[in-house]
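Novice: As you go down the protein sequences, you meet chains C and F in turn.
Residue 118 is where the first sequence starts when you use the working numbering, and the numbers rise one by one after that.
Residue 54 is where the second sequence starts when you use the working numbering, and the numbers rise one by one after that.
Each residue gets a CB set at the ideal place from its N, CA and C atoms; glycine is no exception.
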Amino acid sequence: MSLGTFLIMRHELLLIAAALSVLIAEIFRNPDKKRSISLFSIILFGVITIIGFLPSPAGSLFGGMYISSGTSLLMKNILNIGVLIVFIQSATWLKKEENSEKISEYFLLLISTLVGMNFMISAGHFLIFYIGIELATIPIAALAAYDRYKNKSAEAGIKLILSSALSSGILLYGLSMIYGTTGTLYFSEVAKLFGNTNLQILGFIFFFAGMSFKISIVPFHLWTADVYEGSPVNITSYLSVISKGAAVFILIIILFTVFPVIIATWQKTIFVTSILTMTIGNLFAIRQQNLKRFLAFSSISQAGYILLGLIGGNQLGMASVIYYILVYIFSNLGAFGVVIAISNATGKENIDDYNGLYQTNPKLSLIMTLALFSLAGIPPVAGFFGKFFLFTAAAQKGFYLLVLIAVLNTIISLFYYLLVVKAMFITKSETPVESFRSDFSTRFALGICIAGIVVTGFASIIFEVIRNLSFGV
Amino acid sequence: MINFSYTIWIPLLPFLMFILLGLAGHKLKPKLSGLLGTGGLGIITILSYITAFKYFFTSEKVDGAYQKITALNFTWLQFTDKLHIDLGVLLDPISVMMLVVITTVSFMVHIYSLGYMKGEKGFERFFSFLSLFSFSMLGLVLATNIFQMYIFWELVGVSSFLLIGFYYQKPSAVRASKKAFIVTRFADLGFLIGILILSFNTKTFDFITLTNPTGSAIAQGGGIAFLGLSVMTWSMIFVFMGGVGKSAMFPFHIWLPDAMEGPTPVSALIHAATMVVAGVYLVARMFPIYALSAPVALKVVAYVGAFSSLFAAIIACTQTDIKRVLAYSTMSQIGYMMLALGVAGYGGHEGLGYMASMFHLFTHAMFKALLFLGAGAIIHAVHSNYMTEMGGLRKYLPVTHITFLIACLTIAGIPPLSGFFSKDEILAAAFHSNKILFAVEYAVAGLTAFYMFRLYFSIFWGKDTHYHHTLHEAPATMTIPLIVLAIGCIITGFIPFNKLVTSDGRILESEIELMIAIPSVLIGLLGIGIAYIMYRKESTIPDRLAATFKYSYKWAYNKFYIDELYLFVTKKIIFRYISDPVAWFDRHIVDGTMNAIASVTQSVSFRIRGFQSGQLQKYAFVFVTGAIMLAILFIYLWK
């Protein structure tokens, strides 16, 4: 194997190098300038993101255990963009005194999870996939407990690690059944040998349950709210956007390439779970007062909509899912960005605290509104096109009932998204959030999100590129 | 090939001005924002002139014909390989001509507004709206495809709405803006239906493909027929409906007189020179289809145009609000243009009407803008819209007087002013095609001269009215545009339109036909003569005439009760028998369903909150149960 073939896994190698550089930089950094490490990491990661877009050869490594294709590169690049935004958004928070000793851990652990996700996406074998999924989960549990002296944060960490252990158990159980019935763990081999026996369906359902945990699909979602609420906001936004997006990417790849034989079964599974997910996510989101919990539940229902893109097993479906994740990254990170900015400045996180925000912070209110509109799918922002393509993909395959239910659910979601908008613009408050000016990194990250929401909505070329790289069953 | 890609800046610059003035206008000094808007318009006026020069005189002709040049194009929404919505810039003789018209008039109106709107509240808002309008109108004429045109068509409608309702504290202005928007919107529904039928039938939106005289779109012609007319004919009739609305043709004309509630410069720009001719432009843009594939639809165009021009000319003779007289005159003149298109054919000498229509559009923009701006100067001085309260103004407003006179002579078709040439071409085209329509238009030419000079004599001569304040001539910012446009009225008649703007892009041989020119000048002079007798000095003839023809006068004075008819139909019939039941259904059934969803949602979400207990063991229990339930469901129950 020559050195050149390793370029195929450029994304992973670069990230591992970055993680090591952060560690080394931590050793050699000037003790008086603790914060320089975050600037270093962000710039380093920015460079990696840009390098990721350079053309790269497709191919496979390690006897087909690792596969790189145009689609997987696209997915990795999308994740890179999201992580870059998360990094920039965290800069302000990391400046806080209590975090100054563990800045490098933050970057190291997040980059490790991203490496895990990249391996997941490029997996050609269930073992690599499983290693990736664990690598993507365990460091997150540590990060959820980042504010380790806060009870809630510690609770979030412990809940995440225990629940994910359970889900991994179920997932492995399912994989063992798949192995038992086919005798192989290679994706391509399993696809050929997989049948429709009861044991195989049970194995698939367990596999699906394990993946559903990562995407927080109902009824495997219960950890979400507690973990999202307890974790630091930046970790919550990472969990709700990046982890979820990566899990959706790998799920769609596996469904389309490994399990095309039992498409009827997984269509039914998705049908049931997506209705449950949209509806239950909405029902819970309506009642939330804490904005982090609110966004957590709204992200559950968003996962339900995303499932609509998977159900058809068509090329348009895959394209719409990837596009939606891209839009969702910008929209949700935009919403989280505002929550983070206000939380950093005032510590307030409840919807009532946002009353009269427009009077004092008009720009933040407008950004929040745009992001929420995009999440709700109001034209002409990108979220509308995202939902539109998802629903089209499902309707194309004749799932009209599902689309109808999804549309009803978007109406419900509109209600609670608009509640926040109403609080900001209409409701008067005696003690509104005081007017403040965020620092450069926050504004920069919000700028990227807003530009993303607008550009992905209007530049049809983006969807074209995604569609050309997508495939159907 | 000449590179025309810079033309994108022609619509873009006003848009940027709109953004700038709209967002930051209140922070700028009013004067600065006015100058910014005007400056932007000035730059694109120069650009348009350069474009026109390059296009007409240096661009390469193929087979003696001007080519349609797509200066810029990008695909916005791709539906199928052929059917996609693009945004771009299309240059051909009519779009380049419209560029010149729009930027010239708009620039003049901008300068004029600097004086006219001085000290008004919302000065910068006015200029940002004007910029928005210029952007939309330019985007409309430069559209490469019918869908882009539709988008800008609606934007034009919106900016017109905003400008008519500029004095939003005045109830009549608010009513007028709503009326204009709703009426044109209703007509645009037809336009949209037309677009959908057309694109469904031809599988394209693109103008070049659609209007290629030897292309598939025209050749196929829409074989399937409905009520004896081909699909193509139906779609073109529907498309024309949009044009009828925007161009205030009968029966969608009712919004135009009311739209005069807007500031006068707006009336000059939008409701005289540019937006209202969008309908004419639309028909001209689609002309090859009308002429070659949907001749019945083209006949509709001709008759609607002829009827509207007569109808409006009669009403104009009875109105006393000077802006309304001009509004009806606009409607009448646009009727002329529609008629001219309607009697034209594609290519060769048949295309005379097409050329005449475009020519008249061009000259009309100049003289009608001048008339409106002149009316603005008069209103500015007298503080009244009614000619009954005016008289003898020639002593006080010398510049306005002379320029207004020139405009009146132009519209009356007196040589060698521009109106003479364009109107003569239209009459000639009508004469060679349809004698009845020619007779109608001939009569309208006389009526036009009469009502314009009725206006002129009542304002500037007539009785010596005593005014409560001393009148003074308008400031230079207002008189300079008047003078420029007056010069335009004098010289534009000599532009060789037959060489530049023709239906097939080739040179059209045409000369003044004395057979038609002499009688048309004579009837114009006759109209002026009658007006002279009746209104030159205070006289009782008009009142006696009105008394003699009491009923018909009253009928015309009340605009033939068309508004009342519409009110009756909408309020008494549509609202009561259609809207009320629908509203009931909406309130009780639709809203009821929604409210039920809401309350069920609320209560269910209250009941299931126990699931989210915070206890990890329960979560694990639900997780495992869920997985097992799914497995049971898909293995045993629903396989």
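Quick one: complete alpha helix (DSSP H) runs, 4+ long, within the stretch 511-547 of chain C?
Specialist: Listed in chain order, they are 517-542.
Novice: For the alpha helix (DSSP H) containing LEU599/F, name the first residue and the last one.
Specialist: Residue identity differs from the one stated: residue 599/F is Ala in this sequence, not Leu. First-last of the alpha helix (DSSP H) with ALA599/F: 594-601.
Novice: Closest to THR573/C by C-alpha separation, out of PHE561/C, THR353/C, PHE323/C, GLY503/C, would be which residue?
Specialist: For THR573/C, the nearest C-alpha among the options comes from GLY503/C.
Novice: With C-beta atoms as the reference, is TYR247/C less than 8 Å away from LEU310/C?
Specialist: It is not a contact, given that the beta carbons lie outside the stated cut-off.
Novice: Specify the secondary structure class of GLY398/F as computed by DSSP and reduced to three states.
Specialist: Note: GLY398/F maps to coil in three-state DSSP.
Novice: Using 8 Å as the Cβ pair cut-off and three pairs as the minimum, do the stretch 338-350 of chain C and the stretch 408-418 of chain C touch?
Specialist: Cβ pair count under 8 Å is three or more, so yes.
Novice: Assuming LEU470/F contacts LEU462/F under a Cβ cut-off of 8 Å, what Cβ separation, rounded to an integer in Å, is found between them?
Specialist: Yes, LEU470/F and LEU462/F are in contact; Cβ-Cβ is about 6 Å, under 8 Å.
Novice: CA-CA distance, LEU372/C and TRP383/C?
Specialist: When rounded, the distance between both Cα atoms is 8 Å.
Novice: Quick check on TYR439/F: does DSSP put it in helix, strand or coil?
Specialist: Correct three-state label for TYR439/F: strand.
Novice: Near VAL333/F, which residues of its chain fall below 8 Å by C-beta distance, leaving aside the five closest residues on each side in sequence?
Specialist: Excluding positions up to five away in sequence, the list reads GLY296, SER300, ILE387, MET390, MET391, LEU394, SER410, LEU414.
Novice: Quick check: what's the CA-CA separation for PRO634/F versus LEU518/C?
Specialist: Approximately 29 Å between the Cα atoms of the pair.
Novice: Going by CA-CA distance only, name the one from VAL378/C, SER280/C, PHE324/C that's closest to HIS338/C.
Specialist: Ranking VAL378/C, SER280/C, PHE324/C by Cα distance to HIS338/C puts SER280/C first.
Novice: Using the rule of at least 16 other Cβ atoms within 10 Å of the residue's Cβ for burial, across every protein chain shown, is LEU191/F buried or exposed?
Specialist: LEU191/F should be labelled buried.
Novice: In chain F, which residues lie less than 8 Å from THR527/C when you measure between Cβ atoms?
Specialist: Correct list: empty, because the minimum Cβ distance to chain F is about 12 Å.
Novice: So, is the C-beta of PHE510/F closer than 8 Å to a C-beta in chain C?
Specialist: Chain C contact via Cβ: absent.
Novice: Suppose you measure from the CA of LEU225/C to the CA of LEU161/C; what does that come to, to the nearest Å?
Specialist: Going from the Cα of LEU225/C to the Cα of LEU161/C covers about 12 Å.
Novice: Which of the three DSSP states is assigned to ILE278/C in this structure?
Specialist: ILE278/C: helix per DSSP, three-state reduction.
Novice: Between which two residues does the alpha helix (DSSP H) containing GLY637/F stretch?
Specialist: Note on residue identity: the sequence assigns Trp, not Gly, to residue 637/F. Element bounds for TRP637/F: 633-637.
Novice: For the alpha helix (DSSP H) containing ASN315/C, list its first residue and its last residue.
Specialist: From DSSP, the alpha helix (DSSP H) with ASN315/C extends over 315-332.
Novice: Compute the distance between the beta-carbons of GLY429/C and LYS514/C, then report whether it is under 8 Å.
Specialist: Yes, these two residues count as a Cβ contact at 8 Å.
Novice: Taking the beta carbon of MET294/F as the centre, do at least 16 other beta carbons fall within 10 Å, making it buried, or is it exposed?
Specialist: Its Cβ being crowded by 16 or more others within 10 Å, MET294/F is buried.
Novice: In angstroms with no decimal places, state the Cα-to-Cα distance between SER58/F and ALA124/F.
Specialist: Cα to Cα, SER58/F sits roughly 5 Å from ALA124/F.
Novice: Buried or exposed: where does HIS641/F fall if 16 or more other Cβ atoms within 10 Å of its Cβ makes it buried?
Specialist: That one is exposed.
Novice: Assuming ILE48/F contacts PHE291/F under a Cβ cut-off of 8 Å, what Cβ separation, rounded to an integer in Å, is found between them?
Specialist: Summary: the structure shown does not reach residue 48/F, with chain F confined to residues 54 through 692, and so no result is reported for it.
Novice: Between ARG404/C and chain F, is the shortest Cβ-Cβ distance under 8 Å, so that the two count as touching?
Specialist: True, the Cβ-Cβ gap to chain F drops below 8 Å.
Novice: Could you tell me the distance, in whole angstroms, from the CA atom of GLU591/F to the CA atom of THR501/F?
Specialist: Approximately 21 Å between the Cα atoms of the pair.
Novice: Does DSSP put ALA118/F in a helix, a strand or coil?
Specialist: The answer is strand: DSSP assigns ALA118/F an E or B state.
Novice: Using beta carbons (cut-off 8 Å, strictly below), is ILE661/F in contact with chain C?
Specialist: By this cut-off, ILE661/F is an interface position.
Novice: If contact means a Cβ-Cβ distance below 8 Å, which residues of the stretch 312-332 of chain C contact chain F?
Specialist: So the close ones are ASN315, ILE318, LEU319, ILE322, PHE323, PHE325, ALA326, PHE330.
Novice: Please return the same chain residues whose Cβ sits closer than 7 Å to the Cβ of ILE581/F, not counting the five positions on each side in sequence.
Specialist: Answer for ILE581/F: ALA465, ALA502, PHE506, listed in chain order.
Novice: Any idea what DSSP makes of GLU131/C, helix, strand or coil?
Specialist: The sequence as given places Leu at residue 131/C; Glu does not occur at that position. Helix, per DSSP.
Novice: At a cut-off of 7 Å, would you count ILE522/C as near the ligand NAP, judging by its Cβ distance to the nearest heavy atom?
Specialist: Ligands are entirely absent from the displayed structure, and the ligand NAP is therefore not among its contents.
Novice: Check HIS525/F in the structure and name its three-state DSSP category.
Specialist: Looking at HIS525/F - three-state DSSP - the assignment turns out to be coil, as it is neither helix nor strand.
Novice: If you reduce the DSSP assignment to three classes, tell me which class GLY296/F lands in.
Specialist: Residue state, collapsed to three classes: helix.
Novice: State yes or no: is the beta carbon of TRP210/C nearer than 8 Å to at least one beta carbon in chain F?
Specialist: Judged by the 8 Å Cβ criterion, TRP210/C is not in contact with chain F.
Novice: Apart from the five residues on each side of it in sequence, which residues of its chain come closer than 8 Å, Cβ to Cβ, to ILE255/C?
Specialist: Counting only Cβ-Cβ distances below 8 Å, and skipping sequence neighbours, we find ILE278, SER281.
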